[in-house]
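Chemist:
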Amino acid sequence: MSDYLVIVESPAKAKTIERYLGKKYKVKASMGHVRDLPKSQMGVDIEHNYEPKYITIRGKGPILKELRTAAKKAKKVYLAADPDREGEAIAWHLAHSLDVDITSNCRVIFNEITKDAIKESFKHPRPINMDLVDAQQARRVLDRLVGYNISPLLWKKVKKGLSAGRVQSVAVRLIIDRENEIKNFVPEEYWSIEGSFKKGKDPFQAAFYGVGGKKVKLTSEEDVKNILGKVKGDQFIVDTVTKKERRRNPAKPFTTSSLQQEAARKLNFRAKKTMMLAQQLYEGIDLGKEGTVGLITYMRTDSTRISDLAKNEAAEYITASYGQEYKGTGGRKEKKAVNTQDAHEAIRPTSTMREPNSVKAYLSRDQLRLYKLIWERFVASQMAPAVMDTVAVDLKNGEVIFRATGSQIKFPGFMKVYVEGTDDQLEEKENVLPAFSEGEHVKAEKLDPKQHFTQPPPRYTEARLVKALEELGIGRPSTYAPTLDTIQKRGYVALDNRRFVPTELGEIVLELIMEFFPEILDVEFTAKMESNLDEIEEGQLVWVKLIDDFYKGFEKNLKKAEEEMKEVEIKDEYAGEDCEKCGNPMVIKMGRYGKFMACSNFPDCRNTKPIVKHIGVQCPKCHKGSIVERKSKKKRIFFGCDRYPECDFLSWDKPLERPCPKCEGLLVEKKLKKGKQVQCSNCTYKEQPQE
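Residue numbers for the sequence shown follow full-length UniProt numbering, beginning at 1 and rising by one.
Here it is, written out as structure tokens:
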């Protein structure tokens, strides 16, 4: 018989921890929550202080029975769920189900699953923190009151299967607001003049800056002609040379939000995939002789704080691997952002010494890519700033000034390991200019005017939306990925080229919620609610009062909506073809996995088929069919013949109509990280990449 029973959420975590604790400890998994509000009813007693009605989750009976048996045999039960509100609530539910005294030292928390961290955490067990539990209960009850009251209204007035939630509704609003900004955007014309210059035999680029020492904006072709009319000949004088040394600091280690954003930029991972892989790295990976080890710290955090132990180990690694000059001074002060709970450390490797290459053999390709990203970001965050030599050279022809700028890395510092990605700009590149002396002459080879138009704000990618939600204080680290998943599953938004676009259904639902429940879509209201939940966690606010204050106004809006909300008919869109089985028109329907074609004669005719997009290219294999765009089960776009299965032609790259000029083979458009490239699928022919 084991002396001690330890309960965690997952079997992977249980296996790792049991190995560290020894024979006296038995570690079992609860497989997440064991109790929750019922799905079939509200489960909140509004008349009696919003008392939640918890029931055993369907399918968890055998697990609970096994845990109860083990608990009775053990001298002591430790509850070691994740170190956050959700984990505290799981521990509390388990304590109730297993008759464990919540005031006893039964709760154990750790930020990383390593031998030292586990052993240390069991030296300091504590009672269950009811403030944390109440904060989680408040969120659960709040979301249940909103969802289980508004959703039936939407089913009745719009269509079945819809839902409304606090965070998801605001996320949809942001996407729709951005789409409206794009539709209403009026582009403005502006011009630039790019100059190709030579100093002796050395070519370099410079751009028009201004006239008579003042910066001038070019807004029309007339402005450009006016400037070019002032340029006399092709000789320019080097007027001023300004040299500066600039320091660039490394990015801070990852939080949940910044990890999701960077994994999207650099690895093309969706938020859901990032969190799934991070969970695996946190819970433990079998490293052969070393056994199962947690490779990263807890992955749900909004803090960039790092323990002194981790800092010291990183400093040791950096000094040994790169030299003393690459070690950071640790002098940067971490400013705690508004709405940051700061409950855990940043996401980092549990050991800096465990380089990505040393664990490569034990990880899947995607696990390795994410671990490498986390490891490099952390190591870089502890390194010295990069030092850049920058130079700005003003070239004068009469009163007209062109400016050439360049930079050179003097000392790479953290950039030797990692450089943070960006959403919209290319990464900084070195632009080395020739050496200049004031007063010398350079020659203008060509002055090239270019017309431009201002661009509308970009649509939200997953990374941009997560960043926006975080900056506005909407949701918390654990909510970002499920929120993005839900709004897509409900059909409120769709992804087009990895960017969110609202659907007609999303716009209809948002309009109804905006009319009758404006506070649900109010960004400031939702952010304030998050702050109130934090106050409950800190013991400064009673959760029942928060719910009561919200529900009084919400209930009035609910009654008004039930009386006044009109039914909305979403008309089926004609698909442009007739049903091959009964001859009636085919219409476009919205299903769980997106749009599809169905017969308008339903239920008498149940014919359905996927929507295919013809790209206007004849099949190169059978020469009878045409190429259509399809989606794989993993939502990846590919191209195939519309005569499938008779013809099995398939290509991940988009086929083009024109043939290869070299061999008459099939030309395809290959997507690069930054742009597209046309190349032949049969020979070595390639065209210049296009952005």
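Even glycine gets a Cβ: it sits at the ideal position worked out from N, Cα and C. These figures come from a predicted structure and were not determined experimentally.
I'd like the list of long-range same chain contacts for residue 56, defined as Cβ closer than 8 Å, with 5 residues on each side in sequence excluded.
Modeler: Locating residue 56 in the sequence shown gives position 56, where the first residue counts as 1. The answer, listed in chain order, is 34, 35, 64, 97.
Chemist: Residues in its own chain within less than 6 Å of residue 150 by CB, not counting five upstream and five downstream?
Modeler: Here residue 150 refers to the residue found at position 150 of the sequence shown. Taken in chain order, the residues that qualify are 164.
Chemist: Evaluate contact between the region 376-384 and the region 409-420, counting only Cβ atoms and requiring at least three cross-stretch pairs below 8 Å.
Modeler: yes
Chemist: With a CB to CB cut of under 7 Å and the five nearest residues on each side skipped, what residues in its chain are close to residue 662?
Modeler: In the sequence shown, the residue the question calls residue 662 occupies position 662. Cβ neighbours of residue 662 beyond the five flanking positions: 680, 683, 685.
Chemist: Just reading off the alpha helix (DSSP H) that residue 152 is part of, what are its end residues?
Modeler: Locating residue 152 in the sequence shown gives position 152, where the first residue counts as 1. Looking at the DSSP string, the run of the alpha helix (DSSP H) that includes residue 152 is 130-157.
Chemist: Does DSSP put residue 341 in a helix, a strand or coil?
Modeler: As a working mapping, residue 341 is identified with position 341 in the sequence shown. With a pLDDT of 46 at residue 341, under the threshold of 50, the predicted position of this residue should be treated as unreliable, though the coordinate-derived value follows. In the three-state reduction of the DSSP assignment, residue 341 falls in the coil class, being assigned neither a helical nor a strand state.
Chemist: Which residues in the same chain have their Cβ closer than 6 Å to the Cβ of residue 112, if we skip the five residues on either side of it in sequence?
Modeler: Here the question's residue 112 lines up with position 112 in the sequence shown. The residues are 294, 297, 350.
Chemist: Nearest CA to the CA of residue 185: which residue from 215, 385, 459, 412?
Modeler: Reading the sequence shown from its first residue, position 185 is the one you call residue 185. Closest by alpha carbon: 459.
Chemist: If you count every other CB in all the chains shown that lies within 10 Å of the CB of residue 689, and 16 or more means buried, which is it?
Modeler: For this step, residue 689 is matched to residue 689 along the sequence shown. Classification of residue 689: exposed, given that the 10 Å Cβ count is below 16.
Chemist: Bridge partners for residue 245 per DSSP, in chain order?
Modeler: Against the sequence shown, residue 245 aligns to sequence position 245. Per DSSP, 389.
Chemist: Rounding to the nearest angstrom, what Cα-Cα distance links residue 336 and residue 274 in this structure?
Modeler: Here residue 336 corresponds to residue number 336 of the sequence shown, with the count starting at 1. Here residue 274 corresponds to residue number 274 of the sequence shown, with the count starting at 1. With a pLDDT of 48 at residue 336, under the threshold of 50, the modelled position of this residue cannot be trusted, and the question is left open.
Chemist: Going by beta carbon distance, what residues of the same chain come within less than 8 Å of residue 301, once the five residues before and after it are set aside?
Modeler: What you label residue 301 is simply residue 301 of the sequence shown in a count that begins at 1. Once the five neighbours on either side are set aside, the close Cβ partners of residue 301 are 255, 256, 343, 344, 345, 346, 347, 477.
Chemist: Starting from residue 349, follow its DSSP beta bridges and name the residues at the other end.
Modeler: Mapped onto the sequence shown, residue 349 falls at position 349. BP columns for residue 349 point to 296.
Chemist: In angstroms with no decimal places, state the Cα-to-Cα distance between residue 324 and residue 400.
Modeler: Here residue 324 refers to the residue found at position 324 of the sequence shown. Here residue 400 refers to the residue found at position 400 of the sequence shown. Rounded to the nearest angstrom, the gap between the Cα atoms of residue 324 and residue 400 is 48 Å.
Chemist: Only counting the same chain, and skipping five residues up and downstream in sequence, which positions put a Cβ closer than 6 Å to that of residue 479?
Modeler: Along the sequence shown, read from residue 1 onward, the residue named residue 479 stands at position 479. 167.
Chemist: Apart from the five residues just before and just after residue 267, which ones in its own chain have a Cβ nearer than 6 Å to its Cβ?
Modeler: Taking the first residue of the sequence shown as position 1, residue 267 is located at position 267. Excluding residues within five positions, the ones whose Cβ falls inside 6 Å are 369.
Chemist: By Cβ distance, which residues of its chain are closer than 7 Å to residue 304, with the 5 residues on each side in sequence left out?
Modeler: Within the sequence shown, numbered from 1, the residue matching residue 304 stands at position 304. The residues are 252, 253, 255, 334, 346.
Chemist: Roughly how many angstroms lie between the CA atoms of residue 41 and residue 318, to the nearest whole one?
Modeler: Taking the sequence shown and counting its residues from 1, the one referred to as residue 41 is at position 41. Taking the sequence shown and counting its residues from 1, the one referred to as residue 318 is at position 318. Computed Cα separation, rounded: 57 Å.
Chemist: Let's test the definition: count the other Cβ atoms within 10 Å of the Cβ of residue 48 and tell me whether it reaches 16, buried, or not, exposed.
Modeler: Against the sequence shown, residue 48 aligns to sequence position 48. Looking at its Cβ environment, which holds fewer than 16 other Cβ atoms inside 10 Å, residue 48 is exposed.
Chemist: Leaving aside the five residues before and after residue 578 along the sequence, list all residues of the same chain whose C-beta is less than 8 Å from its C-beta, in chain order.
Modeler: By one-based count along the sequence shown, residue 578 stands at place 578. 584, 585, 586, listed in sequence order.
Chemist: So what's residue 375 in DSSP terms, helix, strand or just coil?
Modeler: As a first step, residue 375 must be located in the sequence shown, where it is residue number 375. Residue state, collapsed to three classes: helix.
Chemist: Of all the CB atoms in chain B, is at least one closer than 8 Å to the CB of residue 440?
Modeler: Absent from the structure is chain B; it holds one protein chain and no more.
Chemist: Nearest by alpha-carbon distance to residue 196: which of 651, 121, 656, 442 is it?
Modeler: In the sequence shown, the residue the question calls residue 196 occupies position 196. Ranking the options by Cα distance to residue 196, first place goes to 442.
Chemist: Count the other CB atoms, across all protein chains shown, that sit within 10 Å of the CB of residue 426; report buried if there are 16 or more and exposed otherwise.
Modeler: Translated into positions along the sequence shown, residue 426 becomes position 426. Annotation note: pLDDT 44 at residue 426 (below 50); position unreliable, coordinate value reported separately. Counting the other CB atoms within 10 Å of its CB gives residue 426 a total below 16, which places it among the exposed residues.
Chemist: Check each candidate in 222, 650, 248 and name the one with the smallest Cα separation from residue 411.
Modeler: Here residue 411 refers to the residue found at position 411 of the sequence shown. Minimum Cα distance to residue 411 is reached at 248.
Chemist: Excluding the 5 residues flanking residue 220 on each side, which residues of the same chain have their C-beta closer than 8 Å to its C-beta?
Modeler: The sequence position of residue 220 within the sequence shown is 220, counting from 1. The residues are 189, 191.
Chemist: For my contact list, residue 43 and residue 53 are in at a C-beta cut-off of 8 Å; report their separation, rounded to the angstrom.
Modeler: Looking up residue 43 in the sequence shown gives position 43. Looking up residue 53 in the sequence shown gives position 53. Going by Cβ atoms, the distance from residue 43 to residue 53 rounds to 5 Å, so yes, they are a contact pair.
Chemist: Just checking my contact of residue 204 with residue 433 at CB under 8 Å: how many whole Å lie between their CB atoms?
Modeler: By 1-based counting over the sequence shown, the position of residue 204 is 204. By 1-based counting over the sequence shown, the position of residue 433 is 433. About 5 Å; that satisfies the 8 Å criterion.
Chemist: Only counting runs of 3 or more residues, tell me where the beta strand (DSSP E) segments fall wholly within the region 559-584, in order along the chain.
Modeler: List check, beta strand (DSSP E) in window: 573-578.
Chemist: Would you kindly work out how many angstroms separate the C-alpha atoms of residue 58 and residue 535, rounded to a whole number?
Modeler: Here residue 58 corresponds to residue number 58 of the sequence shown, with the count starting at 1. Here residue 535 corresponds to residue number 535 of the sequence shown, with the count starting at 1. Computed Cα separation, rounded: 33 Å.
Chemist: In terms of DSSP beta bridges, what is residue 639 paired with?
Modeler: Residue 639 sits at position 639 when you count from the first residue of the sequence shown. Answer by DSSP bridge pairing, in chain order: 629, 651.
Chemist: For residue 738, count neighbouring C-beta atoms within 10 Å of its own C-beta (all shown protein chains included) and say buried if the count is 16 or more, exposed if not.
Modeler: Residue 738 lies beyond the range of the chain shown here (1 to 691); nothing can be said about it.
Chemist: Enumerate in chain order the residues of its own chain whose CB-to-CB distance from residue 92 is below 7 Å, with the five nearest sequence positions on each side excluded.
Modeler: Position 92 of the sequence shown, counted from the first residue, corresponds to residue 92. So the qualifying residues of the chain are 102, 128, 133.
Chemist: Between the alpha carbons of residue 75 and residue 67, how many angstroms are there, rounded?
Modeler: Mapped onto the sequence shown, residue 75 falls at position 75. Mapped onto the sequence shown, residue 67 falls at position 67. Answer to the nearest angstrom: the Cα atoms are 14 Å apart.
Chemist: Is it buried or exposed for residue 155, if we count other Cβ within 10 angstroms and need 16 for buried?
Modeler: Here residue 155 is taken as the residue at index 155 of the sequence shown, counted from 1. Here residue 155 is exposed: its Cβ has fewer than 16 other Cβ atoms, across all protein chains shown, within 10 Å.
Chemist: To the nearest angstrom, report how far apart residue 224 and residue 234 are at their CA atoms.
Modeler: Residue mapping note: residue 224 aligns to position 224 of the sequence shown, counting from 1. Residue mapping note: residue 234 aligns to position 234 of the sequence shown, counting from 1. Straight-line Cα distance between these residues: approximately 17 Å.
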